[in-house]
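Engineer:
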Amino acid sequence: MMLNGNKNGMEKWDDIHKLEYAMKTHEELHRLYMLLCKLFVIANLGGWKMIVENPANQPHYLTGYFPIKPKLIDKDRRANGDFYKKPTQYWFVNCDPMQNMFLESLEQTETMNIEHQRSKNGKNRVVLRSLMHPQYARRFIKSFVLDGE
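If you read the sequence shown in this note's numbering, its first letter stands for residue 40, the second for the next number, and so on.
1) Are N47 and N83 touching if we call contact CB-CB under 9 Å?
2) Distance, Cα to Cα, Q174 vs F122?
3) Mind checking H65: buried by the 16 CB within 10 Å criterion, or exposed?
4) Which partner residues does Y100 have in the DSSP bridge list?
5) Under 9 Å, do I112 and P126 count as touching if we go by C-beta distance?
6) Which stretch, first to last residue, makes up the beta strand (DSSP E) that contains P94?
7) Terminal residues of the continuous alpha helix (DSSP H) containing F179?
8) How would you label Q128, buried or exposed, when you count the other beta carbons within 10 angstroms and need 16 or more for buried?
9) Along the beta strand (DSSP E) that carries F131, what are the first and last residues, could you check?
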């Protein structure tokens with residue numbers, strides 16, 4: 040929405056302002072994409088194990104244009120104890136996700152809606168939306184990262 044001038048607050052911008060903003064945003068997107076590609080190249084050349092997490096919502100730049108497909112997509116993180124549904128994709132570099140089964144009851148977590156998240160406790164909205172519940176992180180590591188033996 041930022042690239043096509045439809046983001047909230049842009050309604051009153053003139054075309055030149057929208058175009059300049061789109062160019063600046065696209066330049067930053069390109070820089071970050073290049074850094075991500077370099078990170079993957081370095082990890083592959085070095086044989087280093089790495090897990091990269093990124094949103095899997097559509098449309099998404101990495102889903103459409105990144106040449107390496109994620110090995111795991113979690114469509115609803117709440118099922119493993121996170122705050123949000125938040126579809127997430129995971130790339131496993133030089134390793135594969137484990138498929139460990141374990142019995143552990145889920146703690147009740149407050150389910151939040153990303154669209155309605157507001158700043159609180161000194162953390163802005165963007166930071167709060169990116170947080171992962173510790174229970175989800177623990178379950179992810181036990182399920183997909185650690186060798187179950």
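Idealized CB from N, CA, C, for every residue including glycine.
Structural biologist: Short version:
1) Sequence index remark: in the sequence shown, residue 47 carries index 8 (1-based). Sequence index remark: in the sequence shown, residue 83 carries index 44 (1-based). No.
2) Locating residue 174 in the sequence shown gives position 135, counting from the first residue. Locating residue 122 in the sequence shown gives position 83, counting from the first residue. Spanning the alpha carbons of Q174 and F122 requires a straight line of approximately 10 Å.
3) The count along the sequence shown starts at 1 and reaches residue 65 at position 26. Taking all protein chains shown into account, H65 has fewer than 16 neighbouring C-beta atoms within 10 Å of its C-beta and is therefore exposed.
4) Within the sequence shown, residue 100 is the residue found at index 61, counting from 1. Bridge partners of Y100: none, in fact.
5) Numbered from its first residue, the sequence shown carries residue 112 at position 73. Numbered from its first residue, the sequence shown carries residue 126 at position 87. Closer than 9 Å, so yes.
6) Locating residue 94 in the sequence shown gives position 55, where the first residue counts as 1. Note, P94: beta strand (DSSP E), 89-94.
7) Along the sequence shown, read from residue 1 onward, the residue named residue 179 stands at position 140. For F179, the enclosing alpha helix (DSSP H) begins and ends at 173-179.
8) Against the sequence shown, residue 128 aligns to sequence position 89. With a threshold of 16 other beta carbon atoms within 10 Å, Q128 meets it and is buried.
9) Here residue 131 refers to the residue found at position 92 of the sequence shown. For F131, the enclosing beta strand (DSSP E) has its first and last residue at 127-132.
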